[in-house]
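Enquirer:
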Amino acid sequence: MASKRDSSDGVYAISVAAELSGLGLSSLRLYERKGLIAPARTEGGTRRYSEDDMQRLEHISELVDAGLNIEGIKLVLELEAENARLRAQLAKARAAPPR
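Numbered according to the numbering used here, the sequence shown spans residues -8 to 90.
(1) How many angstroms separate the CA atom of Leu48 from the CA atom of Arg90?
(2) Quick check on the DSSP output: the alpha helix (DSSP H) that includes Val67 runs from which residue to which?
(3) Terminal residues of the continuous alpha helix (DSSP H) containing Ala9?
(4) Would you mind working out which of Ser6, Tyr40, Val67 sits nearest Glu53, comparing C-alpha positions?
(5) Return helix, strand or coil for Arg(-4), following the three-state DSSP convention.
(6) Roughly how many angstroms lie between the CA atoms of Leu11 and Ala87, to the nearest whole one?
(7) Label Ala79 either buried or exposed according to how many other C-beta atoms from any shown protein chain fall within 10 Å of its C-beta, with 16 as the threshold for buried.
(8) Taking contact to mean at least 3 C-beta pairs separated by less than 8 Å, is the segment -4 to 5 in contact with the segment 27 to 46?
(9) Note down, in chain order, each residue of its chain lying with its Cβ closer than 8 Å to the Cβ of Ser6, except the 5 sequence neighbours on either side.
Put into C-alpha cells, the structure is as follows:
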C-alpha cells in the first residue's frame, strides 16, 4: 500500500512548477538563489517542488504584484515566519498548566 504524501513532499519538476504557478523558470531559479524558496532535490540534483512550495510561490507572486522587490519579499516572509513562531510559542505557553 502506498504511503500518503505530505504537502512538503517534492513532486513537481521545475517546468511543471513554472507552468502551474505562471512564473518563468528564471524567476523560480532566482527565488531559490535569493533564499525565498528551497525546493527539495533528487539525488541527481533535480529540483522537486511541493504543494507547500507552490503555495509559497503564489504568495511571492502576490507580493510582487503588490510592488515589493526581492529584498522586500524576503523581509515579509521572514517576518511572517517569526510571527508564526511567536504565536505558536504563545499558544503553547497559554496551554501549559499554571505553576
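Don't be surprised by glycine CBs; every beta carbon is placed ideally from N, CA and C.
Expert: Reading it off the structure:
(1) 43 Å
(2) 61 to 86
(3) 5 to 12
(4) Nearest of Ser6, Tyr40, Val67 to Glu53, Cα basis: Val67.
(5) It is coil, neither helix nor strand.
(6) If you take the alpha carbons of Leu11 and Ala87, they lie about 42 Å apart.
(7) exposed
(8) yes
(9) Leu16
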